Amino acid sequence: MIYRKFGNTGEMISALGFGCMRFPEYEKDGKKFVDIEKTDEMIAEAYKLGVNYFDSAPYYCNKNSEAALGHGVKAFRDKILLSTKFPGEGAEQPGMYRRRLETSLANLDTDHVDFYHFWGISRKYFDEVMIPCGLLEEARKAKEEGLIRHISFSFHDEPSAIKHIIDGSEERGVPMESMLVQYNLLDRSNEEMLTYAQSKGLGTVAMGPVGGGRLSAPTELYAKLTGGASIPTYELAFKFVLGNPDLNCALSGMQTLDMVKQNAALASKAEGFSKEEWEKLGSAMEDLKKFSELYCTGCKYCQPCPAGIEIPAIFNMYTYHNVYGLTGHAQHMFDEYVKKGGKLHADCKNCGFCEKKCPQHLQIRELLQKVEAVFNK
Ligand code: SF4
Ligand code: SF4
Numbered sequence: 000m001i002y003r004k005f006g007n008t009g010e011m012i013s014a015l016g017f018g019c020m021r022f023p024e025y026e027k028d029g030k031k032f033v034d035i036e037k038t039d040e041m042i043a044e045a046y047k048l049g050v051n052y053f054d055s056a057p058y059y060c061n062k063n064s065e066a067a068l069g070h071g072v073k074a075f076r077d078k079i080l081l082s083t084k085f086p087g088e089g090a091e092q093p094g095m096y097r098r099r100l101e102t103s104l105a106n107l108d109t110d111h112v113d114f115y116h117f118w119g120i121s122r123k124y125f126d127e128v129m130i131p132c133g134l135l136e137e138a139r140k141a142k143e144e145g146l147i148r149h150i151s152f153s154f155h156d157e158p159s160a161i162k163h164i165i166d167g168s169e170e171r172g173v174p175m176e177s178m179l180v181q182y183n184l185l186d187r188s189n190e191e192m193l194t195y196a197q198s199k200g201l202g203t204v205a206m207g208p209v210g211g212g213r214l215s216a217p218t219e220l221y222a223k224l225t226g227g228a229s230i231p232t233y234e235l236a237f238k239f240v241l242g243n244p245d246l247n248c249a250l251s252g253m254q255t256l257d258m259v260k261q262n263a264a265l266a267s268k269a270e271g272f273s274k275e276e277w278e279k280l281g282s283a284m285e286d287l288k289k290f291s292e293l294y295c296t297g298c299k300y301c302q303p304c305p306a307g308i309e310i311p312a313i314f315n316m317y318t319y320h321n322v323y324g325l326t327g328h329a330q331h332m333f334d335e336y337v338k339k340g341g342k343l344h345a346d347c348k349n350c351g352f353c354e355k356k357c358p359q360h361l362q363i364r365e366l367l368q369k370v371e372a373v374f375n376k
């Protein structure tokens, strides 16, 4: 495993981080549970292969992720870095920050969190909630008491808001120490801000660098982009993110033991892209920008759709086709979806819920029509 200096936090972080949002689950009496046996095995394997950063959040895996993670790392808790998040809604109520932190500590079965993130914040939230409600001050107190070791944020807004948040926290004497942002070969909008964050001493983590680990099929994408010999898209995506010297850790939402092994192997290869290769690839990637109007991260905030339309699943099929060139596979997935009675745009009730919730600001209804037209040809 390759380790990198994690900003000025004093930590060395593994190039691969374990995103704990897709643990294997099973259903019982209509409720979903994390499969603890499988999850323990995956976490232990990741640790054995050198992963030292594990990132959870209170709502992941039907609110079971933190507890499953705490269980999985119990035997080596002090050897790894635990990260979780403060959900911002309702934060105006006095004491909410502390109550939520204590709940996370109890779920994780630990006395401290190494990185506690303000979750998915925006410039507006920073200015209108975090500052007036004294949340930075709450974080500082929790840090002084040893309940959290580092103050962090994750983010959904225009890239310039990152600078606003970093500078605004620093001016108030509670500097951010690390950040978690969207960054991958399809979405480089935060690239400049990664450089800024590093210059200010923040550690940087990318979420979704390998499409949630779903891209394992070899394609000609790399060859198409660079004229070089083909490498699997999956490997390309990973190497691209880790090729950025301003990025410390690529977080992958791993679902299986194989995925853990595969990702860890990639993050352990000494040879990444050279700066020249990385830049060449970067400029070739500009060509893919035309697809970004349908860049769905699979976050599922648009779910549940009252009409039952599985929006992220449908958009994922489109990405397979349109970006990665796996058209046959994508068409098969779509046909299967329809065969099983999957709902489509024709079932839409026009409630607008999905578009209000989508952090990528996708025009979901319009895009559904566009995608379906491609597969219904
Ligand atoms: S607008 Fe349509 S697709 Fe979006 S949540 Fe409502 S019913 Fe579902
Ligand atoms: S909320 Fe937007 S980005 Fe997230 S899964 Fe739905 S469509 Fe995709």
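Counting in numbering that gives the first Met the number 0, the sequence shown runs from 0 upward without gaps.
C-beta atoms are modelled at their ideal positions from N, C-alpha and C, and glycine is treated no differently.
Please read all numbers here as calculations on a predicted model, not as lab measurements.
- Message: Please state the DSSP three-state secondary structure of Cys248.
- Response: strand
- Task: Report yes if the C-beta distance between Ile51 and Ile79 is below 8 Å; otherwise report no.
- Result: The question names Ile, but residue 51 in the sequence shown is Asn. For Asn51 and Ile79, yes; Cβs fall inside 8 Å.
- Message: I want to check one thing, is the minimum distance from the CB of Gln359 to the heavy atoms of ligand 2 below 7 Å?
- Response: yes
- Query: What did DSSP end up calling Gln181 once you bin it into helix, strand or coil?
  - Reply: strand
- Candidates Val240, Cys353, Val370: closest to Lys299 by CA position: Cys353
- Extent of the continuous beta strand (DSSP E) to which His149 belongs: 147–154
- Query: When the Cα of Leu361 is compared with those of Pro311, Ala372, Met316, Tyr319, which residue comes out closest?
  - Reply: When only C-alpha atoms are compared, the closest one is Pro311.
- Item | Coil, strand or helix - Met206 by DSSP | strand
- Please state whether DSSP places Tyr58 in a helix, a strand or coil. In the structure shown, Tyr58 sits in coil (DSSP, three-state: anything other than H, G, I, E or B).
- Taking 7 Å as the limit, tell me which residues put their C-beta closer than that to any heavy atom of ligand 1, in chain order. Cys301, Cys304, Pro305, Ala306, Ile308, Ile310, Cys347, Lys348, Asn349, Cys350, Gly351, Phe352, Cys353, Glu354, Ile363, Arg364, Leu367
- Cβ pair Thr296, Gly207 closer than 8 Å: yes
- Query: By a C-beta neighbour count over all protein chains shown, 10 Å radius and 16 as the cutoff for buried, is Arg21 buried or exposed?
  - Reply: buried
- Return the chain-ordered ranges of every alpha helix (DSSP H) run that is complete within the stretch 107–171 and spans a minimum of 4 residues. 134–143, 159–170
- Task: On the DSSP bridge assignment, give the partners of Lys47 in chain order.
- Result: Lys47 pairs with nothing; no bridge assigned.
- Query: Where does Leu343 fall in DSSP's three states?
  - Reply: Correct three-state label for Leu343: coil.
- Query: In terms of residue numbering, what span does the alpha helix (DSSP H) encompassing Thr83 cover?
  - Reply: Here Thr83 belongs to no alpha helix (DSSP H); instead the beta strand (DSSP E) covers 80–85.
- Query: By the 10 Å Cβ neighbour count, where 16 or more other Cβ atoms means buried, how is Met11 classified, buried or exposed?
  - Reply: exposed
- If Tyr195 and Lys162 are in contact, beta carbons under 8 Å, what's the gap, nearest whole angstrom? 6 Å
- Would you check if the distance between the CB atom of Ala141 and the CB atom of Leu179 is smaller than 8 Å? For Ala141 and Leu179, no; Cβs fall outside 8 Å.
- List the DSSP bridge partners of Ile1. Paired residue(s): none; Ile1 is not in a bridge.
- Item | Environment of Leu214 [buried if 16+ CB atoms lie within 10 Å] | Confidence is the limiting factor: at Leu214 the pLDDT is only 45, short of 50, which leaves the residue's position unreliable and the question unanswerable from this model.
- Message: What would DSSP say about Ser13, mapped onto helix, strand or coil?
- Response: strand
- Rounded to whole angstroms, what's the CA-CA distance from Ile66 to Lys376? Just pull it up for me. Checking the sequence, you will find Ala at residue 66 rather than Ile. The alpha-carbon atoms of Ala66 and Lys376 are separated by roughly 46 Å.
- Query: Skipping 5 residues on each side, what residues in its chain have a beta carbon closer than 6 Å to that of Leu250?
  - Reply: Gly16, Gly18, Asp54, Val204, Met206
- Message: I'd like to check one pair, Met192 with Pro158: are the Cβ atoms closer than 8 Å?
- Response: yes
- Message: Tell me whether Thr318, by its Cβ, gets closer than 7 Å to a heavy atom of ligand 2.
- Response: no
- State the Cα-Cα distance for the pair Gly341 and Met253, rounded to the nearest angstrom. 26 Å
- Nearest-angstrom Cα distance between Leu367 and Arg139? 45 Å
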